[in-house]
Every structure is written in structure tokens, then in C-alpha cells.
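Take a look at the structure below.
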Amino acid sequence: MKRPSPPGLAEAPLPLFGDPDEAEPVLVDAARLPSYIADHRKRLRMRFLDGGAAAMPDYELLELVLFRALPRIDVKPLARRLLDVFGDFGRVLAAPPARLREVQGVGDAVVQELKIIEAAAQRLARSRVMHRPVLSSWAALLDYCHTAMAHRETEQFRVLYLDRKNVLIADEAQAQGTVDHVPVYPREVAKRALELNASALILVHNHPSGDPTPSQADIAVTEQIRRAGEVLGITLHDHLVIGKDRELSFRTEGYL
71 MKRPSPPGLA EAPLPLFGDP DEAEPVLVDA ARLPSYIADH RKRLRMRFLD
121 GGAAAMPDYE LLELVLFRAL PRIDVKPLAR RLLDVFGDFG RVLAAPPARL
171 REVQGVGDAV VQELKIIEAA AQRLARSRVM HRPVLSSWAA LLDYCHTAMA
221 HRETEQFRVL YLDRKNVLIA DEAQAQGTVD HVPVYPREVA KRALELNASA
271 LILVHNHPSG DPTPSQADIA VTEQIRRAGE VLGITLHDHL VIGKDRELSF
321 RTEGYL
């Protein structure tokens, strides 16, 4: 049987005041938490419970995430520093751990909390499209692509492999790149499609600049993959370019 916590003690282990990322987890006296921090945290939590995330600006939502990582300090300054550096809530979550640690006040505990939230968001969005007919759940697919790629600082090229009923059977990152380039190998895309017995493809890559307008290289490699697939009886349904706030469809824009 679970023993009750002694009066005045928090139920969960919390780091000591000081360096919260390095301290050993110990039980701390909840009453010693500075009142202005405790009151502020209580108000934010109640606002979230009453109105949800839509009722909160990015810095307050980020504070809620940071509460667990930094339980004994005012996290508002750190939340604002992170947003100043990365721009918005999504880009903070998607930032590489090394870049996050460059921000004053960020250690392992903060990085871990942010990456847990990012992973949860991606897994939830992915669950809505995997092993389902993609063409009949296009909005969910776009949501997933934005969640996974819109806030990345470097380009990534992904291939969505579909079976003959257009059910998504695999979603794989084919290549990683720089801020404005990603190497793509049409032969590797075609080879993997054959390994998976895929009947169709959807290509997806992001533009960290935020502008989804395709480059001439994007157009050329898409045509190469389309032709390779045509020879093998594999249909290229679309190529999506993901920007910060919108996406571009090659099919809709007439590139395919």
C-alpha cells in the first residue's frame, strides 16, 4: 500500500534550488516555493484547464512545459529567451538539442521536456495517417507533415510509400540536408519502393526559409523520380513542399 507523503512535502521528487539540471532529485518543502512563483504557476495552470492552449500566448504555453524541468525558479525569462532565439513555440520544440543548450538557463532537464513534447506531438499526428488511406485523409496528412517538418532548421526529404489501395505503409526520411539544400537520390527512392512493394509515392520536403516555392532543383528531381517510378509501375501522387505557415502541392500547382 502506498504511504502518504509527509505533510508539506511535494509528492514527486523535485530538484533542489540551484542548478536544476545537475542536482540530485530530492523531496522539497512545497511551502518554501516563493509565493509569487507558486501563485503564477497556479494561475497559468487554471487558465490552461479552463480555456486550453488557444487561450494562451506562446510564452505562457512554453512556461507550462518548463515548470516540470525547472520547479523552483521563475521560468518566464527563459521562455521569452527561447522565443527570442527561435521565433515561436513550434521552432523551440523542434530546435536541435545543441542549439537549445546555447540559450542561457537551458540544460539537460529542459531539453528533455521539450523533446518529449515534440515527440508526443509527432507521434499523435503520425497515428492519424499511418495505415490509413492517404488520399481520403489529406488534411490529416498535411497536419502531420507540418508537425514533423515545418519548424526544422535544416531541409529534410521524406518519402511516403503507399500500397495499391493508397494506404500509407511507410514514412521514411530519405535524406537530411542544410538550410537550403538536401541531397536526393532517385535510384534509392525507387529501390526502397520496390523493397516495400509500394504502388505509389508522395514526396515531402521542407523549406526552412518558410517559403514553399519550389526551386529548379526541386522540380528536376521530382521529374526524375516520376520517370523512374513510371518505368516500374509506381505512381507519384504528389510532392509537398512544407513552409512555415503553408505548403505547396506540385500536383495542385501543375508541376506534376
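Heads up, the sequence shown is in the numbering used here, so the first residue is 71 and it goes up one at a time. We put the beta carbon where it would ideally sit given N, CA and C, even for glycine.
### Task
Would you kindly work out how many angstroms separate the C-alpha atoms of E172 and R198, rounded to a whole number?
34 Å
### Message
On the DSSP letters alone, give me the boundaries of the beta strand (DSSP E) that E242 sits inside.
### Response
238-246
### Whether Y231 touches P284 by CB criterion (9 Å)
no
#### Entry: Continuous alpha helix (DSSP H) assignments of at least 4 residues falling wholly in the stretch 114-180
128-139, 146-156, 159-164, 167-171
### Task
Determine the DSSP secondary structure at H221, reduced to helix, strand or coil.
coil
### Message
Going by DSSP in three states, A270 sits in which element: helix, strand or coil?
### Response
strand
### Inter-residue spacing [alpha-carbon to alpha-carbon] between L318 and L271
16 Å
### Host beta strand (DSSP E) of D308 (start-end)
305-312
### Query
By the 10 Å Cβ neighbour count, where 16 or more other Cβ atoms means buried, how is H221 classified, buried or exposed?
buried
#### Entry: N-terminal and C-terminal residue of the beta strand (DSSP E) that L232 is part of
226-232
### Query
What three-state label does DSSP hand H277 in the structure shown?
coil
### Task
Per DSSP, which residues does E317 bridge with? Please list them.
I312
### Query
By a C-beta neighbour count over all protein chains shown, 10 Å radius and 16 as the cutoff for buried, is H201 buried or exposed?
exposed
### Query
Per DSSP, which one or two residues make a beta bridge with P203?
V237
### Task
Take every Cβ of the stretch 230-246, pair it with every Cβ of the stretch 280-299, and state whether three or more of those distances are shorter than 8 Å.
no
### Task
Would you kindly check if the distance between the Cβ of A125 and the Cβ of R117 is under 9 Å?
yes
#### Entry: C-beta contact flag for E183 and R113 at 9 Å
no
#### Entry: Span of the alpha helix (DSSP H), counted from its first residue to its last, around V259
256-265
### Query
How long is the line joining the alpha carbons of V254 and R228, rounded to whole angstroms?
10 Å
### Query
Smallest Cα separation from R151: which of P141, P166, L132?
L132
### Message
Spatial neighbours of M219 within its chain, please: C-beta separation below 8 Å, excluding the five flanking residues on both sides.
### Response
Q226, R228, V274, H275, N276, I312
### Close beta carbons around L211, own chain, < 6 Å, minus the five adjacent residues each side
V199, V204
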